[in-house]
Amino acid sequence: MSNVSEERRKRQQNIKEGLQFIQSPLSYPGTQEQYAVYLRALVRNLFNEGNDVYREHDWNNSISQYTEALNIADYAKSEEILIPKEIIEKLYINRIACYSNMGFHDKVLEDCNIVLSLNASNCKALYRKSKALSDLGRYKKAYDAVAKCSLA
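Position one of the sequence shown corresponds to residue 1 (the UniProt record's numbering), numbered consecutively onward.
Quick look at the structure:
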């Protein structure tokens, strides 16, 4: 833990406090707009923490961070708070990279399909889908996915 920067330590503390608050029965003490800023910051912190642990090759922890951020984004949507679609796509794309590194091809395909439902021309999702299909021996579908990527 001594190698963790002060900025990262603070981010981890903010994540911990944010998750505790969301799981509590308390109402947010500010306006709806302040709550939106709070939730977007929590998603951003989880995204950044996921990226940091990804760089450490800790795929499981990275998946946990991205998944928690996606869960918070779903919660925000239920509160009529919008998390930008681009952030949602990036969270899925990064989680896909983790699943790919772990050889979880079915999970890769599942998340790729979600991303492609948000943005049909997302080249990273098309590439990862193609690679997973190829690794599963589904070469025709892999070719089709990579062909879509080259046209996007």
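Quick reminder that beta carbons are idealized off the backbone N, C-alpha and C, glycines included.
Within the same chain, and ignoring the five residues on either side of I93 in sequence, the residues whose Cβ sits closer than 7 Å to its Cβ are V115, K124 and A125. Each residue's CA atom was taken as its position, placing Q13 and S130 some 38 Å apart. Rounded to the nearest whole angstrom, the CA to CA distance from L42 to N113 is 25 Å. Taking C-alpha positions only, R44 is separated from A97 by approximately 18 Å. Taking all protein chains shown into account, H105 has 16 or more neighbouring C-beta atoms within 10 Å of its C-beta and is therefore buried. The three-state reading of DSSP puts F104 in coil, since its state is none of H, G, I, E or B. Membership of A73 in the alpha helix (DSSP H) is indicated by the continuous run W59 to S78. Between L39 and I88, the CB-CB gap reaches or exceeds 9 Å. In the three-state scheme derived from DSSP, where H, G and I count as helix and E and B as strand, A120 is classed as coil. Annotation for A145: L126, K129, S130 and L133 place their beta carbon closer than 7 Å to its own, counting only its chain and skipping 5 residues before and after.
DSSP places Y28 in the coil class of the three-state scheme, outside both helix and strand. Across the structure, N48 and D111 are spaced so that their CA atoms are roughly 19 Å apart. A residue is called buried when at least 16 other Cβ atoms come within 10 angstroms of its Cβ; Y66 meets this threshold and is buried.
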